[in-house]
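Q: Before anything else, here's the structure in question.
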Amino acid sequence: MEDKKDVLILAIESSCDETASAVVKNGREVLSNVISSQIALHTLYGGVVPEIASRKHIEKINEVIQEALDQAGVKLSEIDAIGVTYGPGLVGALLVGVAEAKAISYASGIPLVGVHHIEGHISANYIACKDLEPPFICLVVSGGHTHLVVVRDYGKYEIIGKTRDDAAGEAFDKVARAIGLGYPGGPKIDRLAKEGNPNAIHFPRAKVEDAPYDFSFSGVKSAVLNYLNGCHMKGEPVVEADVAASFQNAVCDVLVEHAIQAVKDYGIPKLALAGGVASNSALREAMKAACEKEGVSFYYPSPILCTDNAAMIGAAAYYEYINGVRSGLDLNAVPNLRLGER
Ligand code: KG4
Ligand code: ZN
Numbered sequence: 013m014e015d016k017k018d019v020l021i022l023a024i025e026s027s028c029d030e031t032a033s034a035v036v037k038n039g040r041e042v043l044s045n046v047i048s049s050q051i052a053l054h055t056l057y058g059g060v061v062p063e064i065a066s067r068k069h070i071e072k073i074n075e076v077i078q079e080a081l082d083q084a085g086v087k088l089s090e091i092d093a094i095g096v097t098y099g100p101g102l103v104g105a106l107l108v109g110v111a112e113a114k115a116i117s118y119a120s121g122i123p124l125v126g127v128h129h130i131e132g133h134i135s136a137n138y139i140a141c142k143d144l145e146p147p148f149i150c151l152v153v154s155g156g157h158t159h160l161v162v163v164r165d166y167g168k169y170e171i172i173g174k175t176r177d178d179a180a181g182e183a184f185d186k187v188a189r190a191i192g193l194g195y196p197g198g199p200k201i202d203r204l205a206k207e208g209n210p211n212a213i214h215f216p217r218a219k220v221e222d223a224p225y226d227f228s229f230s231g232v233k234s235a236v237l238n239y240l241n242g243c244h245m246k247g248e249p250v251v252e253a254d255v256a257a258s259f260q261n262a263v264c265d266v267l268v269e270h271a272i273q274a275v276k277d278y279g280i281p282k283l284a285l286a287g288g289v290a291s292n293s294a295l296r297e298a299m300k301a302a303c304e305k306e307g308v309s310f311y312y313p314s315p316i317l318c319t320d321n322a323a324m325i326g327a328a329a330y331y332e333y334i335n336g337v338r339s340g341l342d343l344n345a346v347p348n349l350r351l352g353e354r
């Protein structure tokens with residue numbers, strides 16, 4: 013019998029403020045994972061400026077892709093498919109990666125596979141946990157999305173809960189700005205919270221009526237802003253570390269409660285975290301403890317695979333590719349692409 017050939021994916025990600033490229037073998041093994049971050053540039057403005065993001069992607073994308081191939085020690089001619097994020101995200105940013113992937117595919121004849129960004133985040137778990145197979149429940153918590161997803165099979169998703177307003181990462185970023193920590197707020201709150209008391213201030217844990225898996229974070233964000241305003245009005249000192257720890261605790265409580273409820277209701281004892289907020293240390297600890305208590309297997313990617321990267325896009329593209337998915341040269345950026353939609 014002929015040996016099964018390895019499948020090499022060249023992946024490209026440019027949906028927000030990271031220009032990234034990676035080479036991934038058989039969906040699970042990362043041969044290279046190059047990320048050119050624009051964070052320092054956007055910090056000046058307190059958030060991502062879409063036009064600046066697009067311009068920076070255009071500047072960086074060729075060298076990032078070349079570096080990904082070089083670090084992997086792989087020639088373009090050895091690549092089986094090109095995986096590229098085509099949505100959701102900032103349209104101008106997405107277009108850079110999509111146009112680049114199409115140009116390489118056209119010039120080389122290598123097949124093209126368009127990937128959903130959130131599918132990429134979920135698939136980061138396949139790299140981190142070699143034995144993870146669907147079905148499992150995945151809590152996706154990023155700067156733009158908060159989804160509770162039943163992963164039925166590779167490429168088959170059922171969204172059972174989502175945020176009604178702010179995404180979890182967005183709430184972290186807005187609260188960090190209010191405390192004066194700057195952008196991006198998530199990692200800064202994470203760090204500061206370690207010095208604070210998570211029970212110092214009680215912030216609300218919102219429930220959405222008749223939708224047990226949906227989330228709402230605008231209430232807790234407003235409660236923090238009101239608390240800070242109240243302190244300023246009364247001339248009381250603000251203990252920033254306590255505010256950070258108490259806010260983080262409120263968000264983690266809700267995320268853990270919803271995820272564990274889903275695991276129980278669906279009878280799927282496997283839970284994975286994904287997205288930038290999945291690198292939050294308090295969330296990881298709280299979810300780990302809850303999973304241990306309930307006898308649930310818990311999976312999470314390393315921090316570098318939680319925030320935007322192309323290795324996760326390569327993992328997702330691999331499973332689409334072996335299932336026969338191909339994108340045409342008419343592939344376009346879809347800023348509000350829904351998970352599971354092609
Ligand atoms: O997944 P990601 O890199 O980009 C999107 O697809 O949105 O997520 C970025 C988000 C930002 O809101 C950032 O503040 C948050 O993830 N984040 C964190 C942490 N690291 C990144 N939030 C909480 N704790 C962290 N350690
Ligand atoms: Zn992302």
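The numbering used here puts the sequence shown at residues 13 to 354. Positions of the beta carbon are idealized from the N, C-alpha and C atoms, including for glycine. These numbers were taken from a predicted model, which means no experiment stands behind them.
1. In the DSSP assignment, the alpha helix (DSSP H) including Tyr333 goes from what residue to what residue?
2. Taking the C-alpha atoms as reference points, what is the distance between Ala52 and Glu304?
3. Quick check: is any heavy atom of the ligand ZN less than 7 Å from the C-beta of Asp178?
4. Please decide whether Gly132 counts as near chain D, where near means a Cβ-Cβ distance under 8 Å.
5. Whose C-alpha, out of Ala323, Ser314, Asn344, Val255, is nearest the C-alpha of Leu43?
6. Between the segment 259-275 and the segment 215-230, do three or more beta carbon pairs fall short of 8 Å?
7. Of the choices Ala274, Gly279, Tyr311, Ile280, whose alpha-carbon is the least far from that of Ala290?
8. Could you pull out every unbroken beta strand (DSSP E) segment of at least 3 residues lying fully inside the segment 95-130, listed in chain order?
9. Mapping the DSSP letters down to three states, classify Arg338 as helix, strand or coil.
10. Heavy atom of the ligand KG4 less than 7 Å from the Cβ of Asp202, yes or no?
11. I'd like the list of long-range same chain contacts for Glu14, defined as Cβ closer than 8 Å, with 5 residues on each side in sequence excluded.
12. Reducing DSSP to helix, strand and coil, say where Asp18 ends up.
13. Which class does Glu71 belong to by DSSP, given the choice of helix, strand or coil?
14. For Leu237, which residues of its own chain have a beta-carbon under 6 Å away from its beta-carbon, when the five flanking residues on both sides are left out?
15. Is the beta carbon of Val108 closer than 8 Å to that of His69?
16. With C-beta atoms as the reference, is Ile149 less than 8 Å away from Val266?
A: Reading from the atomic positions:
1. If you look at Tyr333, you'll find it in the alpha helix (DSSP H) that goes 323-334.
2. Each residue's alpha carbon lies about 38 Å from the other.
3. In this structure, Asp178 has its beta carbon at no less than 7 Å from each heavy atom of the ligand ZN.
4. Among the protein chains of the structure shown there is no chain D, as only one such chain exists.
5. By alpha-carbon distance to Leu43, the top candidate from Ala323, Ser314, Asn344, Val255 is Ala323.
6. Flag = yes, the segment 259-275 and the segment 215-230 touch.
7. The shortest Cα separation from Ala290 among Ala274, Gly279, Tyr311, Ile280 belongs to Tyr311.
8. Under the rule that a run must span 3 or more residues, the beta strand (DSSP E) segments found entirely inside the segment 95-130 read 124-128.
9. It is coil, neither helix nor strand.
10. Checking every heavy atom of the ligand KG4 against the Cβ of Asp202, one is found closer than 7 Å.
11. Model confidence at Glu14 stands at a pLDDT of 49, short of 50, so the residue's coordinates are unreliable; what they give is reported in the following sentence. If we look at Glu14 and ignore the five residues flanking it on each side, it has no Cβ neighbours.
12. Asp18: coil per DSSP, three-state reduction.
13. Reduced to three states, the DSSP call for Glu71 is helix.
14. Here the set comprises Ala190.
15. With contacts defined as CB atoms closer than 8 Å, His69 and Val108 qualify as a contacting pair.
16. Contact flag unset, no.
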